[in-house]
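Numbers 14 to 642, taken from my numbering, label the letters of the sequence shown in order. Below you'll find the structure, written out as structure tokens, and then a few comments.
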Amino acid sequence: MSFIEELKRRNVFRVGIAYVLLGWVVMQAADFALDLIDAPNWIIQALFIIGLAGLPIALFFAWAFEVTPEGIKREQDVDRSTSITPQTGRKLDRAIIVFLAAAVVFLLLKPVGQERQADDAELAATPPSAATGLDQAAAPAPAAKSVAVLPFVSLSSGEDDEFFADGLTEEILNALAQLPELLVTARTSSFSFKGQEKPVNEIAAELGVRHVVEGSVRRSGDRIRVTAQLIRAEDGINLWSDTYDSTSADTIGMQEDIAEALAVAMDVVLDEERRQAMRSAGLRDPAAFIAFQRGLKASREAHGEAYQIEALLAVNDYFDTVLERVPDYGPAYTERADAFVHIINDAATGEPTLDNVPPDIRDNAYQLAVESMALAQENAPNLEERRVSEFDLAVITGDFFRILPKLEAYLATDHCTIGQWFDPMATVFGYAQELVERLEPIIECNPLGPVRRFSQARAANWAGNPELALELTTAALERMDHPWIKMARIDALVALGRFESAEQEIRRSLNDPFYAFLNGAKLAAARGDMARAEEIRTALLEEFEMEQVGGFADLQYYAVVGDRAKANRLAGDIDARAYGPLPLILITMWCGCGAPFDLEATPNFAAKIEQGGLPWPPRSTTEYPLKAW
Numbered sequence: 014m015s016f017i018e019e020l021k022r023r024n025v026f027r028v029g030i031a032y033v034l035l036g037w038v039v040m041q042a043a044d045f046a047l048d049l050i051d052a053p054n055w056i057i058q059a060l061f062i063i064g065l066a067g068l069p070i071a072l073f074f075a076w077a078f079e080v081t082p083e084g085i086k087r088e089q090d091v092d093r094s095t096s097i098t099p100q101t102g103r104k105l106d107r108a109i110i111v112f113l114a115a116a117v118v119f120l121l122l123k124p125v126g127q128e129r130q131a132d133d134a135e136l137a138a139t140p141p142s143a144a145t146g147l148d149q150a151a152a153p154a155p156a157a158k159s160v161a162v163l164p165f166v167s168l169s170s171g172e173d174d175e176f177f178a179d180g181l182t183e184e185i186l187n188a189l190a191q192l193p194e195l196l197v198t199a200r201t202s203s204f205s206f207k208g209q210e211k212p213v214n215e216i217a218a219e220l221g222v223r224h225v226v227e228g229s230v231r232r233s234g235d236r237i238r239v240t241a242q243l244i245r246a247e248d249g250i251n252l253w254s255d256t257y258d259s260t261s262a263d264t265i266g267m268q269e270d271i272a273e274a275l276a277v278a279m280d281v282v283l284d285e286e287r288r289q290a291m292r293s294a295g296l297r298d299p300a301a302f303i304a305f306q307r308g309l310k311a312s313r314e315a316h317g318e319a320y321q322i323e324a325l326l327a328v329n330d331y332f333d334t335v336l337e338r339v340p341d342y343g344p345a346y347t348e349r350a351d352a353f354v355h356i357i358n359d360a361a362t363g364e365p366t367l368d369n370v371p372p373d374i375r376d377n378a379y380q381l382a383v384e385s386m387a388l389a390q391e392n393a394p395n396l397e398e399r400r401v402s403e404f405d406l407a408v409i410t411g412d413f414f415r416i417l418p419k420l421e422a423y424l425a426t427d428h429c430t431i432g433q434w435f436d437p438m439a440t441v442f443g444y445a446q447e448l449v450e451r452l453e454p455i456i457e458c459n460p461l462g463p464v465r466r467f468s469q470a471r472a473a474n475w476a477g478n479p480e481l482a483l484e485l486t487t488a489a490l491e492r493m494d495h496p497w498i499k500m501a502r503i504d505a506l507v508a509l510g511r512f513e514s515a516e517q518e519i520r521r522s523l524n525d526p527f528y529a530f531l532n533g534a535k536l537a538a539a540r541g542d543m544a545r546a547e548e549i550r551t552a553l554l555e556e557f558e559m560e561q562v563g564g565f566a567d568l569q570y571y572a573v574v575g576d577r578a579k580a581n582r583l584a585g586d587i588d589a590r591a592y593g594p595l596p597l598i599l600i601t602m603w604c605g606c607g608a609p610f611d612l613e614a615t616p617n618f619a620a621k622i623e624q625g626g627l628p629w630p631p632r633s634t635t636e637y638p639l640k641a642w
């Protein structure tokens, strides 16, 4: 008998084939399991080396030993007339068939696994531009007349000098923004570079502009010296620069001169009407714009406070100071209304946040909000901002007759202004795709502002395009870190059925327990896992020693887990309170689960829907198998 025939007789070939197939299947399963727990790569490498080292050992045992009814014996001790190697060979054949079938099944499922694995890798390490093809080479060239006004550097050390420099910067920025030919980057984006030592060309590339304004401010007593320059980003050429010496009494004239000189340097033709528009855009009062800058900073900080409403009410002292000095400054009225709108929403949803709010403010928050918003409309610096204020005021006052025409008119524009209520009204009531497109110029004006990027991704998901939502959040997270953008990303992953990736993202990036609860419960509901959803809610309640999460979150929770009775009861409680329809719109938008409640449970909200001719129910961005309505 030849050596090859002897290898066949002793089943060495069969053992080798079975070993390799079994090893391949085991390695694939191990790779999947280790990836789920984020195990280091060296573990799978070690398993491969161990498996490879075991192959010659298995072949040696197949050659040197034989399985007999009495157990394993050395092959030379077995009588060939009683050998059962043929039966062992047939068993190995069946094992090989089973292993081959397992390999075929895995290969058929591999494309889905690869897609999710690629998404997980993207979450962990891949630059978003590479994952989505949104690279800078594909981005449109900046507009020829586009500019970012960077925060002027304060060269003085007085307590208010930095706020004075910021205020002067914003006055110049606001004046330039009145010129339709110019694309002027919003304050949020340009001020994000404050204190950074970045080359001008890199800043311009990030902001999508061709020009950058830099400057410095020095104050000494009543004397002020301002230096400003306009730089062309592509080659660093200084197109214009000048130094201005002035006094506090003449600051207004100085900032007007700077703004007009910058406009002329960028080939903008100025007539008296445009000069007047530029002059009317600002505060024209140094003490007022210091107070306004202090208020803006305090407002940003207040939105992260545990006692947010109390902090926002304290912030209003700054805006009241502004309005005492400049009673017709519309933006201060808009900022001032924010605290009162928070009180209205929290009161309607039954949030336990109003205990320390003075009764005269708590009981009159609606009137105070309407008053501030009406004055913001009356004193808006231009037509676009006036129309935005009119829309927000119509929503707050419940004037739903005019909602759809005003919404459609706004969606047909392309200016950079957006109000508080365009986003929820467009998203919930059938204009999500139009909102995605409308937000493009707004993001172009404010490329580093996270809220509108979040709104655009959420609108894309509502429009039935979670793939686009995923691309938008990927691109946004490459440039900024914001929990809302991460939440929109998780919603898109859940809508796409990529549950493992969504769970990984929740564990990795949502540090806020409230946000983690919202996304975690919705993920569990999308999987149809009621026990896991209840576990997540119970853990949050125990962590903060609460009896309920609060109407805003709990209504979403009961909707996605399909508890119709509790969802309707909560919605009815909100609807029965003053201004209840407003938070019900917000809850519907954040839930993305279709109708979170029945209209019959919310008669006041239903009346507003009928009054405005608004479509209902809205679409659901995700299939929730536990929800039967």
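Even for Gly, the Cβ is constructed at its ideal location relative to N, Cα and C. Predicted model only: the values in this text are computed from it and were never measured.
Rounded to whole angstroms, the gap between the alpha carbons of Ala-59 and Ala-75 is 25 Å. Within a 10 Å sphere around the beta-carbon of Ala-422 sit fewer than 16 other beta-carbons, which makes this residue exposed. Assignment of His-355 by DSSP, reduced to helix, strand and coil, places it in the helix class. Boundaries of the alpha helix (DSSP H) harbouring Gly-308: 299-315, taken from the DSSP string. Of the candidates Lys-207, Gly-180, Glu-172, Val-225, Val-225 places its Cα closest to the Cα of Thr-198.
Shown here, Cys-606 sits in a strand according to DSSP, grouped into three states. As the crow flies, the alpha-carbon of Asn-251 is around 13 Å from that of Ala-274.
By a beta-carbon distance limit of 8 Å, Val-117 does not contact Ala-71. Their separation comes to about 23 Å. Here DSSP, grouped into helix, strand and coil, assigns Gly-363 to coil.
Unbroken beta strand (DSSP E) stretches of 3 residues or longer found wholly inside the segment 504-534: none.
Here the segment 309-316 makes no contact with the segment 370-387; the two share fewer than three CB pairs at distances below 8 Å.
Counting only residues of its own chain and dropping the five nearest sequence neighbours on each side, Pro-460 has a CB closer than 6 Å to the CB of Ser-202, Leu-220, Gly-221. Put simply, the backbone Cα of Pro-596 is about 18 Å away from that of Asp-376. Nearest neighbour of Leu-181 by Cα position, chosen from Ala-472, Arg-238, Ala-578, turns out to be Arg-238.
With respect to the 8 Å criterion, Glu-269 and Arg-236 are not classified as neighbours on the basis of their beta carbons. Pairing Val-441 with Pro-631 gives a Cβ-Cβ distance under 8 Å. Contact annotation: Ile-431 and Val-408 have beta-carbon atoms that are not nearer than 8 Å. Asn-358 and Tyr-592 have their C-alpha atoms roughly 8 Å apart.
Cβ neighbours of Phe-206 within its own chain (closer than 7 Å, five residues either side excluded): Leu-163, Ile-216.
Along the segment 203-252, the beta strand (DSSP E) occurs as fully enclosed runs of 3 or more residues at 224-233, 236-245, listed in sequence order. Looking at Leu-326, Ile-185, Gln-624, the one whose alpha-carbon comes closest to that of Ile-356 is Leu-326. Burial is judged here by how many other beta carbons sit within 10 angstroms of a residue's own beta carbon; Asp-351 has at least 16 and is buried. Each residue's CA atom was taken as its position, placing Val-33 and Glu-88 some 23 Å apart. Taking C-alpha positions only, Ile-322 is separated from Leu-583 by approximately 23 Å. The residues Asn-392, in chain order, have a CB closer than 6 Å to that of Asp-341 in the same chain once the five nearest residues on each side in sequence are set aside.
Here Ala-508 really is in contact with Asn-474; their C-beta atoms are around 6 Å apart, less than 8 Å. Between Trp-434 and Asp-412, the gap from beta carbon to beta carbon reaches 8 Å or more. Contact between Phe-530 and Arg-545 is ruled out by a C-beta separation of about 12 Å, above the 8 Å threshold. Spanning the alpha carbons of Arg-103 and Leu-490 requires a straight line of approximately 57 Å. Look at Tyr-571 here: in three-state DSSP terms it is helix.
Listed in chain order, the non-local C-beta contacts of Thr-486 below 7 Å within the same chain comprise Ala-470, Ile-498, Ala-501, Arg-502, Ala-505, local neighbours out to five positions each way being set aside. Between the segment 152-161 and the segment 274-285, the count of C-beta pairs closer than 8 Å reaches three or more; the two stretches touch. Annotated three-state conformation of Leu-196 is strand, per DSSP.
Taking all protein chains in view, the Cβ of Gln-569 is crowded by 16 or more other Cβ atoms within 10 Å, so the residue is classified as buried. Burial check for Gln-390: the Cβ neighbour count within 10 Å reaches 16 or more, so the residue is buried. For Ile-85, the enclosing beta strand (DSSP E) begins and ends at 84-87.
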